[in-house]
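Chemist: If you use numbering that gives the first Met the number 0, the sequence shown corresponds to residues 0 to 125, in order.
For glycine and all other residues, C-beta sits at the position ideal for the given N, C-alpha and C.
Since we're looking at a predicted model, the values are computed, not measured.
First the structure, which I've put down as structure tokens, then a few questions once you've had a look.
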Amino acid sequence: MDAIDKPSTLLVVESYDDLREALAALLVLEGYTVLSVATATQALDVLARLPHIPCLVLLSLMLRNPEDQRFLSRLRTLDLTSRLPVLALTADPDLQAPPAGTVCLLGKPVRTEVLLAAVDRYRTRH
């Protein structure tokens, strides 16, 4: 990867510890700096403390989880959705289209090459 194309920080939001750690490890191997948290509430806390917004949020999304919906609503309220792409991952069979506030929806399990291509496509270039 060229220095000019050096990726920035990603925020991974995944409630399952093993999956969160695996996603973070994969993304670190790809050259990303990764922050990871278990909940959308923790993600909002992290975003509030960072001096710069990440280039992408990878959000494990459950349709019936009100916390995930509040997270997406809060990003819209803060007017961050245009500058902070949210790539959603879900195993929820009822979720067929990307919800408002997300740029993409990938089903779990997701193939590594599909995930990495989506991260590269949607991340902002800071």
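#1: Closer than 8 Å by C-beta to T111: which residues in its own chain qualify, once you throw out the five before and the five after it? Chain order, please.
#2: Could you give the distance in angstroms between the alpha-carbon of V85 and the alpha-carbon of P65?
#3: Throw me the rounded Cβ distance for the L9 and V45 pair, which I believe falls under 8 Å.
#4: From the DSSP secondary-structure annotation, give me the bridge partner or partners of C103.
#5: Apart from the five residues just before and just after T101, which ones in its own chain have a Cβ nearer than 6 Å to its Cβ?
#6: Per DSSP, what kind of secondary structure is L79 in: helix, strand or coil?
#7: Is V118 buried or exposed, if buried means 16 or more other CB atoms sit within 10 Å of its CB?
Modeler: Taking the structure as given:
#1: L25
#2: 17 Å
#3: With 8 Å as the limit, L9 and V45 do not qualify as a contact, their Cβ atoms being about 12 Å apart.
#4: L86
#5: V85, A87
#6: coil
#7: buried
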